[in-house]
Amino acid sequence: EVEVEASGDGMAGSDDEVGEQVEAEDVREAAAQPAEGTNGDAVDVVMPKMGESIIEGTIIAWHKKPGDKVGMDETLLEIATDKVDTEVPSPAEGTLQEILVEEGETVEVGTVIARIGSGSAAPKKKAPEKVAAGESRSGPKAAPTSATATADDVEVAVSETDATARVISKTGSDGRFFSPLVRSIAEKEGLSMRELESIDGSGHGGRLTKKDIVSYLETRKAAPAETRKPEPARATAARAVEATSSMADGRTEIIEMDRMRQIIASHMIESKRTSAHVTSFAEVDVTGLVSLRNARKDAFLEREGVKLTFTPFFVKAAVEALREHPILNSSVEEKRIIVKKDIHVGIAVAIGKTGLVVPVIKNAGDKSITGLARAAADVAERARNKQLQPDDLQGGTFTVTNIGSLGSVMGTPIIPQPQVAILATGAIKKRPVVIEDDRLGDVIAVRQMMYLSLSYDHRIIDGAMASSFLHRMIAELESYTLDSEF
Numbered sequence: 008e009v010e011v012e013a014s015g016d017g018m019a020g021s022d023d024e025v026g027e028q029v030e031a032e033d034v035r036e037a038a039a040q041p042a043e044g045t046n047g048d049a050v051d052v053v054m055p056k057m058g059e060s061i062i063e064g065t066i067i068a069w070h071k072k073p074g075d076k077v078g079m080d081e082t083l084l085e086i087a088t089d090k091v092d093t094e095v096p097s098p099a100e101g102t103l104q105e106i107l108v109e110e111g112e113t114v115e116v117g118t119v120i121a122r123i124g125s126g127s128a129a130p131k132k133k134a135p136e137k138v139a140a141g142e143s144r145s146g147p148k149a150a151p152t153s154a155t156a157t158a159d160d161v162e163v164a165v166s167e168t169d170a171t172a173r174v175i176s177k178t179g180s181d182g183r184f185f186s187p188l189v190r191s192i193a194e195k196e197g198l199s200m201r202e203l204e205s206i207d208g209s210g211h212g213g214r215l216t217k218k219d220i221v222s223y224l225e226t227r228k229a230a231p232a233e234t235r236k237p238e239p240a241r242a243t244a245a246r247a248v249e250a251t252s253s254m255a256d257g258r259t260e261i262i263e264m265d266r267m268r269q270i271i272a273s274h275m276i277e278s279k280r281t282s283a284h285v286t287s288f289a290e291v292d293v294t295g296l297v298s299l300r301n302a303r304k305d306a307f308l309e310r311e312g313v314k315l316t317f318t319p320f321f322v323k324a325a326v327e328a329l330r331e332h333p334i335l336n337s338s339v340e341e342k343r344i345i346v347k348k349d350i351h352v353g354i355a356v357a358i359g360k361t362g363l364v365v366p367v368i369k370n371a372g373d374k375s376i377t378g379l380a381r382a383a384a385d386v387a388e389r390a391r392n393k394q395l396q397p398d399d400l401q402g403g404t405f406t407v408t409n410i411g412s413l414g415s416v417m418g419t420p421i422i423p424q425p426q427v428a429i430l431a432t433g434a435i436k437k438r439p440v441v442i443e444d445d446r447l448g449d450v451i452a453v454r455q456m457m458y459l460s461l462s463y464d465h466r467i468i469d470g471a472m473a474s475s476f477l478h479r480m481i482a483e484l485e486s487y488t489l490d491s492e493f
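Throughout, my numbering is defined as the position within the sequence shown, counted from one, plus 7.
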């Protein structure tokens, strides 16, 4: 897994050094437009455009309900795109009259999602009654509770399994969102969730479009009947009974993956499918760097207003190594290698205990240690406060993840596509090591040691290149002394 850096000695950034971003005011303006036929008394809240490549968004949660008073710039809702989750401030002051798009729905940019006015809330529309899997409108059915279920129980299990298979969720197991239109077509045509997930999407980020599902249905109808035979009822029933039995004994727990976890899973699997992953390791003596940082951190905090962590030193060392090994600052497109002249470094930031994002320090190659410290602090702070914009997460050419801040000694991180390499920096530990002394010869001394882990795409990067890159990083990190300037 891609390891992440948490708070404390974590990442750091800068208001003027992190590239273009959409500020709260821009998001607010993008989400507002006069409501039609209201003479300016009401404002339509629309799905804002969160970056040039973003064409739709998903509503995660409404922070207000119809009838609630809303202040200007007060958080109204949270939305998600395929790049970032963010809060949307209210574009107007007044009363939230109605919510037009419910939580979990995905709509295109510009779609009216709510209305704010000076009057009272509009009558709430009655939502269609939902029937849960394995439940009729007259009440739920009992499920078999053991592997010794009777034939009648098996028939019930088969029926419930079939019902479950026909329920189309808003989100697939691979993290893809299915629009209301796609779900409607799937349910009308009798497609199962598993079948829907098997269809390749041509939309943004692999999303399924109406054209995709219609094309699939045409192919499906033309396919020979024997290629579309359903799973035997006996196998389906056995699986249903087995699953019910395991839950009945109280020794299992089902946890639904949240949206961030689903997206991470999808990206990691896709990266493994795309790149031939190899990881090389190196050991580095950072005794001088530790002494320098400990001696300067208080003065640096007072002068710059941000903590002096090890992250900017690691990023700086990676930048210097990338200058001499530009192939690691590239991407692969079919049979072509696209080498990037600019160095944009992503840094992994932990969101709670289970999530992570990788904001990008743009033009990291042009920044000093101080500039990198400010830039890292800024993007990390905004990441944890849900203030990142999609542009903050795009354009990375290389990634550094400080797994040592969480106590890990070394790791094998997964490459974030379309990059070809990622560096993990392990925990710094005091260890007895053998060092060479011109006067005393070989001696054993206590030194501050750490491991570097470089995962790279073996399609274009060989072990010799990776080792050379790591040796350049070692030279940079071991060059620091108490007298070093930065």
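Backbone N, C-alpha and C fix where the C-beta goes; we use that ideal spot for every residue, glycine too.
Option nearest residue i by Cα separation, candidates the options
i      : options                           : result
Ser298 : Thr316, Met275, Met472 and Val427 : Thr316
Leu107 : Val221, Pro73 and Arg389          : Pro73
Arg268 : Glu109, Asp92 and Met456          : Asp92
Ala384 : Glu85, Gln104, Val356 and Met417  : Val356
Ala482 : Ala428, Phe320, Ile354 and Gln394 : Phe320
Asp464 : Gln426, Gly448, Glu492 and Lys436 : Gln426
Cβ-based burial, residue i [other Cβ within 10 Å; buried from 16]
i      : result
Pro439 : exposed
Leu489 : exposed
Thr408 : buried
Val364 : buried
Ala450 : The question names Ala, but residue 450 in the sequence shown is Val. Answer is exposed; the Cβ neighbour count stays below 16.
Asp398 : buried
Ala140 : Residue confidence for Ala140 is low, a pLDDT of 39 falling below 50, so the modelled location carries little weight; the figure read from the coordinates is stated next. Result: exposed.
Ile410 : buried
Met457 : buried
Leu379 : buried
Arg343 : exposed
Arg190 : buried
Val77  : buried
Pro96  : buried
Leu188 : exposed
Lys374 : buried
Lys369 : buried
Thr226 : exposed
Beta-ladder partner(s) of residue i, from DSSP
i      : result
Met417 : Answer by DSSP bridge pairing: none, since Met417 is not bridged.
Ile345 : Ser338
Arg454 : Arg438
Ser287 : Leu461
Glu63  : Glu115
Ile358 : Gly362
Lys76  : Thr102
Phe184 : Thr178
Gly448 : Asp444
Ala68  : Glu85
Ile368 : Val352
Contact check, residue i vs residue j, beta carbons under 8 Å
i      : j      : result
Leu461 : Thr286 : yes
Arg214 : Val339 : no
Ser278 : Ile421 : yes
Ile350 : Val367 : no
Val116 : Ile62  : yes
Ser180 : Glu196 : no
Arg122 : Val53  : no
Thr406 : Val352 : yes
Met480 : Ala324 : yes
Ile468 : Ala452 : no
Glu194 : Ile220 : no
Trp69  : Glu110 : yes
Val293 : Ile435 : yes
Terminal residues of the alpha helix (DSSP H) in which residue i lies
i      : result
Arg258 : Counting along the chain, Arg258 falls outside any alpha helix (DSSP H), and DSSP gives it neither H nor E.
Lys279 : Arg266 to Thr281
Ala473 : Gly470 to Leu484
Ala390 : Ile376 to Arg391
Leu299 : Thr294 to Glu311
Asp219 : Lys217 to Ala229
Leu203 : Met200 to Glu204
First through last residue of the beta strand (DSSP E) which encompasses residue i
i      : result
Lys437 : Lys436 to Asp444
Val326 : No beta strand (DSSP E) contains Val326, which is instead part of the alpha helix (DSSP H) from Thr318 to Glu331.
Arg122 : Val119 to Gly124
Leu363 : Gly362 to Val364
Glu85  : Thr82 to Ala87
Glu94  : Asp92 to Pro96
Phe405 : Phe405 to Thr408
Ile429 : Ala428 to Thr432
Val108 : Val108 -> no beta strand (DSSP E), and no H or E assigned at all.
Asp51  : Ala49 to Val53
Residue i Cβ short of 7 Å to the ligand SAM heavy atom set
i      : result
Gln396 : This structure lacks the ligand SAM, and indeed carries no ligand of any kind.
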